[in-house]
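Participant: Would you mind keeping the following structure in view while I ask a few things?
Number of protein chains: 2
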Amino acid sequence: VTHAEAEFRSQPVEIITIGDELLLGFTIDTNGAYLGRKLAQIGFVVARRTSVGDDTAAIETAVREALLRTGAVITTGGLGPTTDDMSKSAVARVFGRELEIDQEHVRWMQERWRTRFGKEMPASNMAQAALPRGAKKLANNHGSAPGVFIEDKRGWVAMLPGVPREMRGMTDDTLVPLLESHVPQHGTIRSYTLRTVGVAESLLGDMLKDIELPAGMSLAYLPAPEGVDLRLTIRGSNASVADASLAQVGTAVRDTVGDAVYGEDDDDLAAIVLQLCRNGKHTIAVAESCTGGLLGARLTAIPGSSDVVLGGFIAYHNDVKREALGVSERDLRESGAVSEPVVRQMAAGAIERLGSTCALAITGVAGPTGGTPDKPVGTVWIASSVNCDMHSRRLSLIGDRDEIRRRSAQAALEMLRRRLM
Amino acid sequence: VTHAEAEFRSQPVEIITIGDELLLGFTIDTNGAYLGRKLAQIGFVVARRTSVGDDTAAIETAVREALLRTGAVITTGGLGPTTDDMSKSAVARVFGRELEIDQEHVRWMQERWRTRFGKEMPASNMAQAALPRGAKKLANNHGSAPGVFIEDKRGWVAMLPGVPREMRGMTDDTLVPLLESHVPQHGTIRSYTLRTVGVAESLLGDMLKDIELPAGMSLAYLPAPEGVDLRLTIRGSNASVADASLAQVGTAVRDTVGDAVYGEDDDDLAAIVLQLCRNGKHTIAVAESCTGGLLGARLTAIPGSSDVVLGGFIAYHNDVKREALGVSERDLRESGAVSEPVVRQMAAGAIERLGSTCALAITGVAGPTGGTPDKPVGTVWIASSVNCDMHSRRLSLIGDRDEIRRRSAQAALEMLRRRLM
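Chains as they are written, first to last, in this note's numbering: chain A, 1 to 421; chain B, 422 to 842.
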């Protein structure tokens, strides 16, 4: 399933992310992904994303090339207080302008340091107030470095900070409104994602090989330890037509894939489980061995989880399983910590001690060591109890320690979701 | 602090990561970062990283341009079983070759499906066995799509899968040994990172503004919720000379920054704390409210943590703080759940119930709601107990819910590290 030819061209834009740390691999580029999502919503298609190092010449070349190709360029990085930042000089050169200190911004920063930190502003922050002559300042509500918007007859360049929280804030608060007012309406890119768990990418591909996609629509398979996302994307000039087309194909995909679909778009399985609990007036307790708190962290990452999640037990050591949760000494000895009787007693113990209506328990061999021929690395038992009715299941998971733990937490959440549906 | 001019050129290489999901922002590019780190270790410098969509023409153009610039190109993505994959056709065109089905690989895949999954191979997997004529197959020990290595007088292109686990395995098992034998030795890039916690980037910048760096060495500030990393990088023709130079400057940086440095390079604060516990024959219990298991998950993410971590309590609801940990009803009512007496009783309760020698407790307002004028969002109390000696501290953290939770867990670990030193 590939790009069918779109019936119109969206406004192309290029993203340039700047930093030696990106090329050397010490930082993962999350900014490019965030920008891509936000831009697609307002009808821009990212034609290319480029990462270059902290090197004025490399930045200048990349910005110049991108400006000639698309006339629309967004950079991230290189606006911060430390001296490895040189994006503004590079962009000033592309536009043949000087850098000037914005005195108003200097005063604002000095005031901010006094009131927020009770200190004089360090001299190294002064570089943050430099702007290419004639550039527009973009407000930063989450930090002290302003963004930059500069244009000439070739097109425009918007410069955002590299710190993700500041970049996201400036994109939402300032850049998106500016671009919406600045450029003519160029249609839209809409997407619809179905999130699946428990079925391999290639099996999903086989199930869906006969799905027909209209012109301009594509289907992508996005695998992660938590499951495979199926993302439908359509480019169109009319948002409601595009949405109707997505809804139609989305229903066909959902009908084909069936039970493995747990949600759509940005749905988080933990948030879905919490909502199902709320609807049924349930409360949750967890009992975790190999995941060591990951399942609790997933649930409590969701704002407002405190009306459902009572808490739980990290029963890592067998003594804790026995003493805090009441798991039987004999079952631990005879069946082992990774076994059906133990996982069921963990769930039952969490309910007994915390008085919740639901419980989830996990015990397994996350590796890299601890596997045996009977219970190799990846052997995990999960249990769920809903109104005192206990279910349990053995999983054989692949991946490294991190993946096995993430898959275990996801499988436990999915088990509870299916029971609460 | 910028790139001083290097005295020699490392072998430049370009990375091209392929997938609509990268440009639309539905997937974060972790592959580019992993490759950057691995390549730097064997003397390659990533000159540029480019992301393009699932579009044969765009892939072809990007590969052709990169091949002309550097003669050394690595692609990730587009080798999988689903039909949004088209990298191999594009690269075959760049080299003017046809795609051919590798029958040996088809037989291997068929056998693998029968023995591993007990099923016939889905027909859609056949595309994985296609290779440009004359290309070398790169073994994939973690999946069924082989990689590709192809070259002519312009240079070489290596194609790796997009699934991170497969990409990482192929890089380590196959690509790195191949490149080491294939290309002449071009010197090395060495780096040394000091990891800090608790001091703002701009203050670190001020502290370090007079540090002198020798030619070819750069210093980068890499901020994250867990703290700021200070990374020194040097390019040189001799690894031991480069390492000596890094060690010298690293010592000067460490002396200047002082206590805020908790580790170096890939050190994880949780792993450092576990090792300090092991040295002192300590065991740990945790009691978490706003972090909901995150601290336990950090500790148990480290392989072999089970000799130190006994377990803990996710005391999210006040009833759990009271009943599972013995926090006093009166203190909860009078001081509130986010208070010094409560955090100290949480830590004490965890020790009493689990019998550990150390405990960490966290209770706070992670937001977005729940803040008050007295205790705004970001107010967090942490406590640590070592051999029954209790310390506690109030934090005022900035950021969103996720950042506040991550900073809280990191601050608690750092509190214990300092006490165990």
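Glycine included, every Cβ here is placed at the ideal spot set by N, Cα and C.
Mind pulling the chain B residues with CB within less than 8 Å of Asp402 (chain A)?
Facilitator: Taking the first sequence and counting its residues from 1, the one referred to as residue 402 (chain A) is at position 402. Result: Ala722.
Participant: Can you list, in chain order, the residues of its chain whose CB lies under 7 Å from that of Thr448 (chain B), leaving out five sequence neighbours each side?
Facilitator: Stepping through the second sequence from its first residue, residue 448 (chain B) is reached at position 27. Excluding sequence neighbours, Thr448 (chain B) sits near Gly440, Glu442.
Participant: Which term fits Gly539 (chain B), buried or exposed, when burial requires 16 or more other beta carbons within 10 angstroms of its beta carbon?
Facilitator: Taking the first residue of the second sequence as 1, we reach residue 539 (chain B) at position 118. It is exposed - the Cβ of Gly539 (chain B) has fewer than 16 other Cβ atoms within 10 Å.
Participant: Distance, Cα to Cα, Ala566 (chain B) vs Val45 (chain A)?
Facilitator: For the purposes of this step, residue 566 (chain B) is taken as residue 145 along the second sequence, with counting starting at 1. For the purposes of this step, residue 45 (chain A) is taken as residue 45 along the first sequence, with counting starting at 1. The alpha-carbon atoms of Ala566 (chain B) and Val45 (chain A) are separated by roughly 30 Å.
Participant: Relative to the alpha-carbon of Ser306 (chain A), which residue among A:Ala72, A:Thr30, A:His282 has its alpha-carbon at the smallest distance?
Facilitator: Taking the first sequence and counting its residues from 1, the one referred to as residue 306 (chain A) is at position 306. Cα-wise, what sits closest to Ser306 (chain A) is A:His282.
Participant: If contact means a Cβ-Cβ distance below 9 Å, which residues of the stretch 33-63 of chain A contact chain B?
Facilitator: Ala33, Tyr34, Leu35, Gly36, Arg37, Lys38, Leu39, Ala40, Val45, Val46, Ala47, Arg48, Arg49, Thr50, Ser51, Val52, Gly53, Asp54, Asp55, Thr56, Ala58, Ala62
Participant: If we count the other Cβ atoms within 10 Å of its Cβ and call it buried at 16 or more, is Ile655 (chain B) buried or exposed?
Facilitator: Taking the first residue of the second sequence as 1, we reach residue 655 (chain B) at position 234. With 16 or more Cβ atoms within 10 Å of its Cβ, Ile655 (chain B) is classed as buried.
Participant: So, at 7 Å on beta carbons, what are the nonlocal neighbours of Arg417 (chain A) in its own chain, with the 5 sequence-adjacent residues on each side left out?
Facilitator: What you label residue 417 (chain A) is simply residue 417 of the first sequence in a count that begins at 1. So the qualifying residues of the chain are Tyr262, Leu269, Ile272, Val273, Leu276.
Participant: Which residues in chain A sit within 8 Å of Thr654 (chain B), going by Cβ to Cβ distance?
Facilitator: Sequence index remark: in the second sequence, residue 654 (chain B) carries index 233 (1-based). Simply Asp20, Leu24.
Participant: What number of angstroms, rounded off, separates the C-alpha of Tyr613 (chain B) from the C-alpha of Arg458 (chain B)?
Facilitator: Here residue 613 (chain B) is taken as the residue at index 192 of the second sequence, counted from 1. Here residue 458 (chain B) is taken as the residue at index 37 of the second sequence, counted from 1. For Tyr613 (chain B) and Arg458 (chain B), the distance between alpha carbons rounds to 12 Å.
Participant: Quick check: the stretch 156-170 of chain A against the stretch 224-231 of chain A, are there 3 or more CB pairs under 8 Å?
Facilitator: no
Participant: Is the distance from the Cβ of Arg815 (chain B) to the Cβ of Trp802 (chain B) below 9 Å?
Facilitator: The residue given as residue 815 (chain B) occupies position 394 in the second sequence. The residue given as residue 802 (chain B) occupies position 381 in the second sequence. It is a contact, given that the beta carbons lie within the stated cut-off.
Participant: Count the other CB atoms within 10 Å of the CB of Ile522 (chain B); is the residue buried (16 or more) or exposed (fewer)?
Facilitator: By 1-based counting over the second sequence, the position of residue 522 (chain B) is 101. Exposed is the call here.
Participant: Distance check for Arg254 (chain A) and Val245 (chain A), CA to CA, integer angstroms please.
Facilitator: In the first sequence, residue 245 (chain A) corresponds to position 245, counting from 1. In the first sequence, residue 254 (chain A) corresponds to position 254, counting from 1. A small fix is needed here, since residue 245 (chain A) is Ser in this sequence, not Val. So the alpha carbons of these two residues sit roughly 14 Å apart.
Participant: Rounded to the nearest angstrom, how far is the Cβ of Val741 (chain B) from that of Leu354 (chain A), given a contact under 8 Å?
Facilitator: Within the second sequence, numbered from 1, the residue matching residue 741 (chain B) stands at position 320. Within the first sequence, numbered from 1, the residue matching residue 354 (chain A) stands at position 354. About 6 Å separates the two Cβ atoms, so the contact holds.
Participant: Cutting at 8 Å between CB atoms, please list the residues of its own chain near Pro459 (chain A), excluding the five before and the five after it.
Facilitator: It is not possible to answer for residue 459 (chain A), since the shown part of chain A is limited to 1 through 421.
Participant: For Cys290 (chain A), count neighbouring C-beta atoms within 10 Å of its own C-beta (all shown protein chains included) and say buried if the count is 16 or more, exposed if not.
Facilitator: Here residue 290 (chain A) is taken as the residue at index 290 of the first sequence, counted from 1. By the 10 Å Cβ count, Cys290 (chain A) comes out buried.
Participant: Give the interface partners of Lys630 (chain B) over in chain A, defined as CB-CB distance under 7 Å, in chain order.
Facilitator: For the purposes of this step, residue 630 (chain B) is taken as the residue at position 209 of the second sequence. Ser124, listed in chain order.
Participant: Assuming the contact rule is C-beta atoms closer than 8 Å, Ala287 (chain A) and Ala224 (chain A) should be a hit. Round their C-beta distance to whole Å, please.
Facilitator: As a working note, residue 287 (chain A) is residue 287 in the first sequence. As a working note, residue 224 (chain A) is residue 224 in the first sequence. At roughly 26 Å, the Cβ-Cβ gap does not stay under 8 Å, so Ala287 (chain A) and Ala224 (chain A) are not in contact.
Participant: Using the Cα positions of Gly564 (chain B) and Gly725 (chain B), report the straight-line distance between them to the nearest angstrom.
Facilitator: For the purposes of this step, residue 564 (chain B) is taken as the residue at position 143 of the second sequence. For the purposes of this step, residue 725 (chain B) is taken as the residue at position 304 of the second sequence. Approximately 27 Å, taken between the alpha carbons.
Participant: Strictly below 9 Å CB to CB, what residues from chain A border Arg905 (chain B)?
Facilitator: Nothing can be reported for residue 905 (chain B), as the shown portion of chain B is limited to 422 through 842.
Participant: Quick one: grab the DSSP three-state call for Ser623 (chain B).
Facilitator: Walking along the second sequence from the start, residue 623 (chain B) turns up at place 202. Ser623 (chain B): helix per DSSP, three-state reduction.
Participant: Taking the alpha helix (DSSP H) that Gly349 (chain A) belongs to, which residues open and close that run?
Facilitator: Indexing the first sequence from 1 puts residue 349 (chain A) at position 349. First-last of the alpha helix (DSSP H) with Gly349 (chain A): 340-354.
Participant: Looking at the secondary structure, which residues open and close the beta strand (DSSP E) in which Gln432 (chain B) lies?
Facilitator: On the second sequence, position 11 is the one that residue 432 (chain B) refers to. Looking at the DSSP string, the run of the beta strand (DSSP E) that includes Gln432 (chain B) is 432-439.
Participant: Return the residues of the stretch 160-184 of chain A that lie within a Cβ-Cβ distance of less than 8 Å from chain B, sorted by chain order.
Facilitator: Val163, Arg165
Participant: Does any residue of chain B have a CB that is nearer than 9 Å to the CB of Ser191 (chain A)?
Facilitator: As a first step, residue 191 (chain A) is located in the first sequence; it is residue number 191 there, counting from the start. By this cut-off, Ser191 (chain A) is an interface position.
Participant: At 7 Å on the CB atoms, spell out the chain A contacts of Phe570 (chain B), in chain order.
Facilitator: Here residue 570 (chain B) corresponds to residue number 149 of the second sequence, with the count starting at 1. Under the 7 Å cutoff, chain A gives no residues; its nearest Cβ is about 21 Å from Phe570 (chain B).
Participant: With a cut-off of 8 Å on the beta carbons, I'd call Ser328 (chain A) and Gln345 (chain A) a contact; round off their distance for me.
Facilitator: Looking up residue 328 (chain A) in the first sequence gives position 328. Looking up residue 345 (chain A) in the first sequence gives position 345. At roughly 6 Å, the Cβ-Cβ gap stays under 8 Å, so Ser328 (chain A) and Gln345 (chain A) are in contact.
Participant: Which residues of the stretch 360-375 of chain A have a Cβ closer than 9 Å to any Cβ of chain B? Give them in chain order.
Facilitator: Ala366, Gly367, Pro368, Thr369, Gly370
Participant: Tell me whether Ala722 (chain B) sits in a helix, a strand or coil according to DSSP, three-state version.
Facilitator: Sequence index remark: in the second sequence, residue 722 (chain B) carries index 301 (1-based). Coil, per DSSP.
Participant: Using the rule of at least 16 other Cβ atoms within 10 Å of the residue's Cβ for burial, across every protein chain shown, is Val1 (chain A) buried or exposed?
Facilitator: Here residue 1 (chain A) refers to the residue found at position 1 when the first sequence is read from its first residue. Since pLDDT at Val1 (chain A) reaches only 26, below the 50 mark, its modelled position is unreliable, and no value is offered.
Participant: Buried or exposed for Arg699 (chain B), going by 16 or more other Cβ atoms inside 10 Å?
Facilitator: Along the second sequence, one-based indexing puts residue 699 (chain B) at 278. When all chains shown are included, Arg699 (chain B) counts as exposed.
Participant: Rounded to whole angstroms, what is the Cα-Cα separation between Glu525 (chain B) and Ile15 (chain A)?
Facilitator: Here residue 525 (chain B) refers to the residue found at position 104 of the second sequence. Here residue 15 (chain A) refers to the residue found at position 15 of the first sequence. Near 42 Å, if we compare the C-alpha coordinates of Ile15 (chain A) and Glu525 (chain B).
Participant: Distance, Cα to Cα, His3 (chain A) vs Leu444 (chain B)?
Facilitator: Your numbering for residue 3 (chain A) matches position 3 in the first sequence. Your numbering for residue 444 (chain B) matches position 23 in the second sequence. For His3 (chain A), the pLDDT reaches just 31, beneath the cut-off of 50, and the residue's location in the model is therefore unreliable, although a value from the coordinates is still provided. Each residue's alpha carbon lies about 14 Å from the other.
Participant: When the cut-off is 9 Å and only beta carbons count, does Ala72 (chain A) lie next to chain B?
Facilitator: For the purposes of this step, residue 72 (chain A) is taken as residue 72 along the first sequence, with counting starting at 1. Chain B contact via Cβ: absent.
Participant: Using a Cβ-Cβ cutoff of 7 Å, what residues of the stretch 723-735 of chain B are near chain A? List them in chain order.
Facilitator: Pro724, Ser727, Val730, Leu731, Gly732, Gly733, Phe734, Ile735
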